[in-house]
Amino acid sequence: MKRDGGFKRPGFKLVLIVLLAVLCIGAAELAACSHFAPETYERITAPARQAAAAVADAGRAGLDAVGRFCRDTAALAGRAVQNAARQVAAFWEELTAPPPPPLEPEPELSPPPEDSLPPATEPPLTEVLEADGKQLLTGGTVTVTYFCQSDETWAEQPYGTDTIGPYGCGPTAMAMAVASMTDTDTDPAQMASWAVDHGYWARRSGSYHSIVQGIAQDFGLEAEPFTDRTPDALRRALRSKDMLVALMGKGHFTTGGHFILIRGVTLSGDVLVADPNSLERSLQTWDPQLILDELSSARDHGAPLWILSAPRA
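Here you go:
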C-alpha cells in the first residue's frame, strides 16, 4: 500500500505553522525590544553579532592569503618564462651564427744569434783555479796563490815544536802574500821553517805579531800599519793594487787570534779575503765593517792591520 509524503500529514503542517508563528513572534518581540529596551536588545543579539564578525574576519583573512599566494605564484611563473625565453634566444643565436674563420698558424720565430744570448749564470765574483799544481784565487787585487794550513801536504809538518795545521796561520798567510806579490816560490812549510829560524814562532800560541813586518822586509815587500780603519779607507787601499794582512779576533774567522789576507774589493763595496784555514770563507764576499769590527784588540808591531805593497817601479 502506498504511503503519503511527510509534508501531506496534518500533524507536520501544524508543527510548521507553530514554528513560523514562534519566529514571527520572536522577530516582533526583538523589533519591539530594540525600540523600547535597546540595552536588552544589545545583550540578546551580542553573541550572534560576534559570531558573524568572526566569520567575516576569517573570510577576509582567507581571501588575503589566497591573493598573496596567487601573486607570488604569478611572479615566479613570470621569471621562469623570462629565463626560458632568454635561453631559447641564446640557443637560436648560437645555432644560426656563421662559422668562425679558420685560425692562421702563428709565425715561426727564428732563434736569436748565439752571441746575443745572455750567459746562463752570472760569472762568479771569485773562484779557485788549478794551475801548475797550485790553487789560485781570482777576482782580487792580484791573483792569490792559495794555501790552507790544514792541507795534508803540510798540516803535520813542524812549526817549532808545534805543527802547521793548528798553529801555522801566520806563516801560511805570509806564504800566500809572498808567492802572490813577488817572484819567490814558497809554501807554508818553507815559511814556517824561516819564521822559526828568525824568532817569529811563539810556542803553543802560533806566531808573534812581528812576523808580518819581518817576512815582508826580508822578501821584498813593504808592510806598514794601517791606522785609518774605516770601510772607505779599506776600499781605497785595495783599489790601489795593495793587499792587507789582518789579525782577527773572536768572530766569524776564529775564536782566538788568526791571520788572514784582505785581497780585493767588489763593485758593490764588499771585500774578498784569503783565509789560510778555510777555502770556503775565501770564496765569500764580506762587509768591510764586519772585518773591522772583528779585528783583534792587539796593538803591537802594527797589529791588528797592515797594508802590504810591492815596491813601485
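Be aware that the sequence shown starts at 855, since it is given in the numbering used here, and climbs by one per residue.
By construction, the Cβ of each residue, glycine as well, lies at the ideal position given by its N, Cα and C atoms.
Given a threshold of 16 other Cβ atoms within 10 Å of its Cβ, counted over all protein chains shown, does residue i qualify as buried or as exposed?
| i | result |
| --- | --- |
| Thr-1007 | exposed |
| Asp-1072 | exposed |
| Pro-1121 | One point to set straight first is that residue 1121 is Leu, not Pro, in the sequence displayed. Exposed: under 16 other Cβ atoms inside 10 Å. |
| Gly-1053 | exposed |
| His-1106 | exposed |
| Arg-1117 | buried |
| Ser-1061 | buried |
| Gly-832 | No information on residue 832 is available, as it lies outside the stretch 855 to 1167 that the chain covers here. |
| Leu-983 | exposed |
| Asp-1082 | exposed |
| Ser-1136 | buried |
| Leu-985 | One detail in the question is off: residue 985 reads as Ala in this sequence, not Leu. By the neighbour-count rule (16 or more Cβ atoms within 10 Å), Ala-985 is not buried but exposed. |
| Thr-1040 | buried |
Could you give the residue range of the beta strand (DSSP E) that holds residue i?
| i | result |
| --- | --- |
| Glu-1076 | 1076 to 1079 |
Have a look at the DSSP bridge pairing and note the partners of residue i.
| i | result |
| --- | --- |
| Lys-988 | Ala-985 |
| Gly-1014 | None; Gly-1014 has no bridge partner. |
| Gly-1060 | Ala-1056 |
| Thr-999 | Leu-990 |
| Ala-1100 | Ile-1114 and Leu-1159 |
Checking contacts by CB at 8 Å: is residue i closer than that to chain C?
| i | result |
| --- | --- |
| Ser-1059 | No chain C appears in this structure, which consists of one protein chain only. |
Among the residues of its own chain, which have a CB less than 6 Å from the CB of residue i, if the five just before and after it don't count?
| i | result |
| --- | --- |
| Val-1050 | Gly-1014 |
| Leu-1088 | Pro-1142 |
| Pro-1158 | Leu-1101, Leu-1149, Ser-1150 and Ala-1152 |
| Val-1066 | Ala-1077, Val-1099 and Trp-1160 |
| His-1112 | Cys-1023 and Met-1102 |
| Gly-1110 | none |
| Gln-1011 | Ile-1018 and Ala-1043 |
Which residue marks the beginning of the alpha helix (DSSP H) containing residue i, and which one marks its end?
| i | result |
| --- | --- |
| Ser-1163 | First-last for Ser-1163: 1159 to 1163, but that is the beta strand (DSSP E), not the alpha helix (DSSP H). |
| Leu-1088 | 1085 to 1093 |
| Ala-1027 | 1023 to 1035 |
| Tyr-1008 | Here residue 1008 turns out to be Trp, not Tyr, going by the sequence shown. Trp-1008 -> no alpha helix (DSSP H), and no H or E assigned at all. |
| Gly-1068 | 1065 to 1072 |
| Asp-1041 | Careful: Asp-1041 lies outside any alpha helix (DSSP H) and carries neither H nor E. |
Could you pull out every residue in the same chain whose Cβ sits closer than 7 Å to the Cβ of residue i, ignoring the five residues on either side in sequence?
| i | result |
| --- | --- |
| Gln-1143 | Pro-1085 |
| Pro-1042 | Phe-1001, Gln-1003, Trp-1008, Ile-1018, Gly-1022, Pro-1025, Thr-1026 and Ala-1029 |
| Ser-1151 | Gly-1103 |
| Asp-1154 | His-1063 |
| Leu-979 | Gly-993, Thr-1120 and Thr-1139 |
| Ala-1070 | Glu-1076, Ala-1077 and Leu-1162 |
| Gly-1074 | Thr-1036 and Pro-1165 |
| Thr-995 | Leu-1092, Lys-1095, Asp-1096, Met-1097, Arg-1117 and Gly-1118 |
| Asp-1129 | Phe-1107, Ile-1114, Arg-1135 and Ser-1136 |
| Glu-962 | With a pLDDT of only 44 at Glu-962, under the threshold of 50, the placement of this residue in the model should not be trusted, and no figure is reported. |
| Thr-999 | Lys-988, Leu-990, Met-1030, Ala-1033 and Ser-1034 |
Take residue i and list the residues in its own chain whose beta-carbon comes closer than 8 Å to its own, dropping the five residues that flank it on each side.
| i | result |
| --- | --- |
| Arg-1057 | Gly-1014, Thr-1015 and Asp-1016 |
| Ser-970 | Reliability of the predicted coordinates at Ser-970 is poor, the pLDDT of 45 falling under 50, and the value obtained from them is presented with this limitation in mind. Excluding sequence neighbours, Ser-970 sits near nothing in its chain. |
| Thr-997 | Leu-990, Leu-991 and Ser-1034 |
| Leu-1133 | Val-982, Gln-989, Tyr-1000 and Cys-1002 |
| Met-1045 | Pro-1025, Thr-1026, Met-1028, Ala-1029, Val-1032 and Ile-1069 |
field: Start-end ranges of the beta strand (DSSP E) lying completely within the segment 1113 to 1156, minimum 3 residues
entry: As far as the segment 1113 to 1156 is concerned, its whole beta strand (DSSP E) runs of at least 3 residues are 1125 to 1128.
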